[in-house]
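The sequence shown begins at 4 in the numbering used here and counts up one residue at a time.
Glycine included, C-beta positions come from ideal geometry on N, C-alpha and C.
If you're wondering where the values come from, they're calculated on a predicted model, not measured in any experiment.
Taking it in order: structure first as structure tokens, then the write-up.
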Amino acid sequence: MGLIVSTSDFALVQGVSHTRATLVRWHADPWPVLREWLVWSFVISAALLGAVYLLATISQPDATPLYLPGIHYDARPEHVARVLFRNSLVLALHAMACVAGFIAGSSLPYAAIGRTGVSRWLHDKAGSLAIGFVVCATTFSLLNQAYILGSGAATLAEQFGLSPFVLLLGLLPHALPELVALFLPLAAWLIASRRRQWNELLAATLVTVAIAAPVLVASALVEVYLSPRLLLVLIG
4 MGLIVSTSDF
14 ALVQGVSHTR
24 ATLVRWHADP
34 WPVLREWLVW
44 SFVISAALLG
54 AVYLLATISQ
64 PDATPLYLPG
74 IHYDARPEHV
84 ARVLFRNSLV
94 LALHAMACVA
104 GFIAGSSLPY
114 AAIGRTGVSR
124 WLHDKAGSLA
134 IGFVVCATTF
144 SLLNQAYILG
154 SGAATLAEQF
164 GLSPFVLLLG
174 LLPHALPELV
184 ALFLPLAAWL
194 IASRRRQWNE
204 LLAATLVTVA
214 IAAPVLVASA
224 LVEVYLSPRL
234 LLVLIG
């Protein structure tokens, strides 16, 4: 009796096979792939920082003061944990964009093989809808981050008597590596979507998250323990 394999099982096998082959290829020559991710992630980070600066210059500062660990009270490990938790949520959102891109662009087309009628139509359309959802969710995330960070920067700049530019300059040592790490999965998604290489996105998710995690830990430590000292120097 022949072995019957469902299209869903076939899609899973193909996905695992593509992911394993992609990881092996990248391991043999990692720098070209990593370089592209870093460049695009840096571009996205720079664009977000530019938007934050623009919003900080035009936003009305909040009358309610903001209190920062290391400036208004002693920095403690729980403040690092709080920063890590916040950034982990953002990284998870961007990682899920990669996973959704893999499912929509690679797994669903395989799962549609052999299907007919409404089932085939749903599988064909689900990919485009999933990719559209990823684009909308990511865009909303970026706009939301720009608004929150820009408003907070305006309040802090007014509170400390600094210009938004000087304030952001003081925050840059932790903010730039933090943002670049957070946007690595998004950069991988952008590159894969431009090339229609959806089958590489699951591997990209694993690698970018593995790279981002230690960078986010280091950035959180700098944000809580070192950046406040730099701000105090700038405040004078």
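Span separating the alpha-carbon of residue i from that of residue j
{"i": "residue 137", "j": "residue 100", "result": "6 angstroms"}
{"i": "residue 165", "j": "residue 222", "result": "23 angstroms"}
{"i": "residue 193", "j": "residue 43", "result": "8 angstroms"}
{"i": "residue 72", "j": "residue 161", "result": "18 angstroms"}
{"i": "residue 153", "j": "residue 77", "result": "25 angstroms"}
{"i": "residue 90", "j": "residue 181", "result": "8 angstroms"}
{"i": "residue 20", "j": "residue 208", "result": "15 angstroms"}
{"i": "residue 106", "j": "residue 201", "result": "8 angstroms"}
{"i": "residue 82", "j": "residue 88", "result": "10 angstroms"}
{"i": "residue 139", "j": "residue 102", "result": "15 angstroms"}
{"i": "residue 172", "j": "residue 53", "result": "12 angstroms"}
{"i": "residue 97", "j": "residue 67", "result": "32 angstroms"}
Own chain residues within Cβ distance below 6 angstroms of residue i, not counting five before or after
{"i": "residue 203", "result": "25, 195"}
{"i": "residue 238", "result": "163"}
Buried/exposed call for residue i, threshold 16 Cβ in 10 Å
{"i": "residue 184", "result": "buried"}
{"i": "residue 40", "result": "buried"}
{"i": "residue 143", "result": "exposed"}
{"i": "residue 135", "result": "exposed"}
{"i": "residue 47", "result": "buried"}
{"i": "residue 168", "result": "exposed"}
7 angstroms Cβ shell around residue i - same chain, five flanking residues per side excluded
{"i": "residue 177", "result": "222, 225, 226, 230"}
{"i": "residue 155", "result": "69"}
{"i": "residue 104", "result": "134, 137, 192, 195, 196, 201, 204"}
{"i": "residue 215", "result": "94, 184, 185, 187"}
{"i": "residue 150", "result": "58"}
Residue i - DSSP class collapsed to helix/strand/coil
{"i": "residue 80", "result": "helix"}
{"i": "residue 164", "result": "coil"}
N- and C-terminal bounds of the alpha helix (DSSP H) containing residue i
{"i": "residue 45", "result": "33-61"}
{"i": "residue 222", "result": "204-224"}
{"i": "residue 232", "result": "230-238"}
{"i": "residue 75", "result": "That residue, residue 75, is in no alpha helix (DSSP H); it is neither H nor E in DSSP."}
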